[in-house]
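The structure under discussion appears below in the form of structure tokens.
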Amino acid sequence: MGFENLLLGFQIAVTPFNLFVAVIGITLGTIIGVLPGLGGANGVAILLPLTFTMPPTSAIILLTSLYWGALFGGAITSILFNIPGEPWSVATTFDGYPLARQGQGGQALTAAFTSSFVGAFFSIVLITLFAPLLAEIALRFGPPEFFAIQLLTFSSFVGLGGGNPLKSVVSILLGFILGAVGLDIVTGQLRMTFGITDLMKGFDFIVAVIGLFGIGEILLSVEEGLTFGGAATGMNLRVVLQTWKILPRYARTFVRGSFIGFWMGFKPGGATPASFMSYAFAKRFSRHPERFGKGELEGVVAPETAAHAAGVAAMLPMITLGIPGSPTAAVMLGGLIIWGLQPGPLLFTEKPDFVWGLIASMYTGNIIGVLMVLAGVPFFAAILKIPFAILTPLIVVVCAIGAYAVHSSMIDVWYMLIFGVVGYVFKKLDYPLAPLVLALVLGDLAENALRQSLIMSQGSLGVFFTRPIACVITLVALFFLLMPILTPWWRRLRGLPPTSGAPAEA
Amino acid sequence: MTRTADLITAAVLLLIGAIVVSDSLRLGAGWGTDGPKSGFFPFWLGVLLLGVTIAIAIQAWRRGAGAPFVTRERLRPVLQVLWPATAMVLLTGGVSVGTVTVLPALGLYVSAAIYLAFYMRWVGHHRWITVLLVAVGIPVVTFLVFETWFLVPMPKGPLETWLGY
């Protein structure tokens with residue numbers, strides 16, 4: 004059954020128009036991934052208004068292709084410029100930049116793109132197999148199960164996100180609070196508007212994404228001073244083919260990275276820890292661990308495989324449960340609602356052409372993507388040669404356009420500026436931004452699930468423990484929530500030194 | 022100092038928490054006739070926010086002053102982006118006090134052109150010809166993409182009206 008559906012999906016994804024859309028998406032995505040201050044999430048957010056008039060399947064293909072492109076683009080800056088465009092490309096710089104400095108940039112880039120492709124492909128195959136099963140299970144979920152999953156989503160930010168767990172909690176609460184501003188659709192009452200008409204509409208998360216990630220990031224990078232000392236690319240067909248001949252040697256690293264990536268990836272914030280974990284494992288099992296950090300190809304393969312496997316896996320909870328695993332997935336989820344689709348398990352039965360078109364487009368998008376980036380490296384690297392006095396205002400203008408286009412409203416552009424300053428301050432003080440955005444998106448859903456659960460149980464929180472599925476999920480969520488308290492205690496018990504986790508924001 | 026910044030942020034968060042809690046109490050944070058009232062969910066969010074923020078403030082207080090949050094010379098480029106951007110947004114929508122127009126509403130394309138030109142010349146010291154090409158070229162391309170190709174309207178001013186849009 005699954006195979007037939009996938010075939011149907013390919014018939015949708017492999018039309019000239021949709022392939023064209025994928026090429027555009029990947030090109031824009033790679034540019035966005037290369038540019039400082041524009042990541043996948045706000046690239047998708049800015050382009051979202053342009054998709055309102057497109058058929059939903061083409062629209063989602065454009066946005067997902069943009070996401071793949073941004074994932075590929077991150078590797079280019081990490082290797083050639085030692086600038087990790089995204090948090091999960093940090094581990095790629097460890098060996099990628101030394102390789103580029105030694106004149107092996109072409110080899111490193113080829114390895115990075117190929118690993119990304121392998122990791123992504125592995126996750127897509129698993130999504131193809133597991134998404135329908137997960138959706139079928141999710142169809143039996145009631146409000147308590149959905150609320151438990153939301154709890155799990157947010158507690159994994161607290162438990163696995165690294166950084167200060169209290170600050171993660173603040174970000175989550177702030178997102179939910181901003182989400183609650185405006186009309187309460189259940190009772191029809193106005194909340195926290197204080198008689199101001201503009202507040203009645205509430206805060207749109209797309210505007211928040213553009214402000215927090217776009218403007219905030221550009222403020223941070225001008226503060227740090229934009230200087231690009233790039234290494235030569237050294238990319239040509241011969242290097243690509245030679246590298247491909249070496250790569251099968253790292254088969255075990257590929258498999259390990261893919262599994263780590265998928266496993267970490269369908270939980271929020273998973274891509275960054277996955278890339279670090281995969282790098283650490285590769286180093287531990289290597290015959291030459293001393294070469295890591297000085298330009299070992301395996302040190303590029305390991306984090307890239309895991310980061311992309313995780314980036315793709317983040318789509319799984321979005322299409323099956325309607326709960327996004329990353330800010331980028333959250334923006335896409337917002338898109339689904341705008342295009343008139345109801346995200347969640349019902350999508351598989353009601354809109355099979357959309358879901359399977361999307362899944363099939365993941366295959367085609369990644370195949371087109373890896374070929375395009377391999378061929379286009381010199382072009383994409385040249386983007387960073389644009390003077391920053393042009394790039395900076397350009398990014399601000401693009402962000403303003405994106406923010407305005409969401410509701411054709413000037414107040415959103417002001418919100419964007421305010422969110423930009425908040426994003427800058429929060430980033431500097433280590434408040435994670437991803438949970439805030441996710442909470443803002445999921446606010447209404449989470450509140451309704453909680454309300455309905457409490458109505459079912461006449462106000463008792465026991466409803467989350469008496470139903471078996473909800474109970475298991477709630478207990479896992481509580482475990483993650485308590486992890487920051489348990490981990491130091493557990494380490495002390497085993498006589499290990501305390502460690503600080505890797506900063507995560509996937 | 023980072024500690025000061027942390028404490029100021031915490032103070033703002035406490036204020037937000039207090040506002041949320043008081044507004045939720047106004048709406049009713051308990052159990053209504055048909056389930057939790059409007060203020061139920063925000064009330065607990067606000068209470069949690071107050072609690073966690075107090076914990077963060079105590080943490081920050083104990084940790085010591087730390088490195089400066091931002092130095093004067095590093096703040097300069099940040100403000101160089103922020104003030105002109107604010108001015109661009111002001112120019113886009115215009116400003117009027119009562120019936121008196123303080124700033125005309127130029128629309129997004131014209132303000133973007135001014136903003137690009139200003140920043141490139143002021144911060145980047147680019148040659149006038151480069152400034153002119155980029156500052157006019159980018160808004161024109163954006164106009165074509167948004168207004169004619171994708172039909173997404175942006176705020177427009179007298180220039181676009183004069184051109185017939």
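Protein sequences appear in the order of chains A and B.
Mapping of the first sequence onto the working numbering: residues 4 to 509, in sequence order.
Mapping of the second sequence onto the working numbering: residues 22 to 186, in sequence order.
Even for Gly, the Cβ is constructed at its ideal location relative to N, Cα and C.
Quantities reported herein were computed from a predicted structural model and do not represent experimental measurements.
{"Item": "Cα-Cα separation, residue 195 (chain A) to residue 336 (chain A)", "Value": "26 Å"}
{"Item": "Inter-residue CB distance, residue 31 (chain A) and residue 72 (chain A) (contact presumed, cutoff 8 Å)", "Value": "7 Å"}
{"Item": "Backbone secondary structure at residue 342 (chain A) - three-state DSSP", "Value": "coil"}
{"Item": "Cβ-Cβ distance between residue 281 (chain A) and residue 259 (chain A) below 8 Å", "Value": "yes"}
{"Item": "Given 8 Å, three or more beta-carbon pairs between the segment 16 to 31 of chain A and the segment 366 to 383 of chain A", "Value": "yes"}
{"Item": "Of the listed residues A:464, A:497, A:458, A:435, nearest to residue 517 (chain A) (C-alpha basis)", "Value": "This structure gives no information on residue 517 (chain A), because the portion of chain A shown stretches from 4 to 509."}
{"Item": "Interface positions of the segment 133 to 151 of chain B facing chain A (Cβ-Cβ less than 7 Å), listed along the chain", "Value": "133, 136, 137, 140, 141, 144, 145, 147"}
{"Item": "Any C-beta of chain A under 8 Å from that of residue 173 (chain B)", "Value": "yes"}
{"Item": "Cβ-based neighbour list, residue 207 (chain A), same chain, cut-off 7 Å, excluding 5 preceding and 5 following", "Value": "409, 410, 415"}
{"Item": "Beta-carbon separation (whole angstroms), residue 362 (chain A) vs residue 134 (chain A), contact threshold 8 Å", "Value": "7 Å"}
{"Item": "Environment of residue 489 (chain A) [buried if 16+ CB atoms lie within 10 Å]", "Value": "exposed"}
{"Item": "Given residue 30 (chain B) as reference, the closest of B:49, B:56, B:43, B:76 once Cα atoms are compared", "Value": "B:76"}
{"Item": "Where residue 53 (chain B) sits in the DSSP three-state scheme", "Value": "strand"}
{"Item": "Beta carbon proximity, residue 164 (chain B) to chain A, threshold 8 Å", "Value": "no"}
{"Item": "Under the three-state DSSP convention, the category residue 124 (chain B) falls into", "Value": "strand"}
{"Item": "Three CB pairs or more closer than 8 Å across the segment 100 to 116 of chain B and the segment 62 to 80 of chain B", "Value": "no"}
{"Item": "Status (buried if at least 16 other CB within 10 Å, exposed otherwise) for residue 454 (chain A)", "Value": "buried"}
{"Item": "Beta-carbon neighbours of residue 52 (chain B), restricted to chain A and to distances below 7 Å", "Value": "462"}
{"Item": "Neighbour list for residue 85 (chain B) in chain A, Cβ cutoff strictly below 8 Å", "Value": "Within chain A, no residue comes near residue 85 (chain B); the closest Cβ sits about 15 Å away, beyond 8 Å."}
{"Item": "Simplified DSSP assignment, three categories, for residue 157 (chain B)", "Value": "helix"}
{"Item": "Range of the contiguous alpha helix (DSSP H) that encloses residue 37 (chain A)", "Value": "19 to 37"}
{"Item": "Three-state secondary structure (DSSP) of residue 172 (chain B)", "Value": "coil"}
{"Item": "Residue-chain proximity (residue 192 (chain A), chain B), Cβ-Cβ < 8 Å", "Value": "yes"}
{"Item": "DSSP beta-bridge partners of residue 177 (chain B)", "Value": "B:128"}
{"Item": "Within chain A, partners of residue 95 (chain B) - CB distance below 7 Å", "Value": "226"}
{"Item": "Minimum Cβ-Cβ distance from residue 179 (chain A) to chain B less than 8 Å", "Value": "yes"}
{"Item": "Between the CA atoms of residue 96 (chain A) and residue 247 (chain A) - distance to the nearest angstrom", "Value": "20 Å"}
{"Item": "Between the CA atoms of residue 137 (chain A) and residue 430 (chain A) - distance to the nearest angstrom", "Value": "35 Å"}
{"Item": "Outcome for residue 297 (chain A) when other beta-carbon atoms lying within 10 angstroms are tallied against a minimum of 16", "Value": "exposed"}
{"Item": "Classification of residue 470 (chain A) by the beta-carbon crowding that lies within 10 angstroms, buried from 16 upward", "Value": "buried"}
{"Item": "Nearest-angstrom Cα separation, counted from residue 150 (chain B) out to residue 333 (chain A)", "Value": "42 Å"}
{"Item": "Under 7 Å by beta carbon: chain B residues contacting residue 53 (chain A)", "Value": "171, 173"}
{"Item": "Below-8 Å beta-carbon distance, residue 477 (chain A) vs any chain B residue", "Value": "no"}
{"Item": "Below-8 Å beta-carbon distance, residue 428 (chain A) vs any chain B residue", "Value": "yes"}
{"Item": "Assigned secondary structure, residue 287 (chain A) (DSSP; H/G/I helix, E/B strand, else coil)", "Value": "helix"}
{"Item": "Within-8 Å CB hit, residue 411 (chain A) to chain B", "Value": "yes"}
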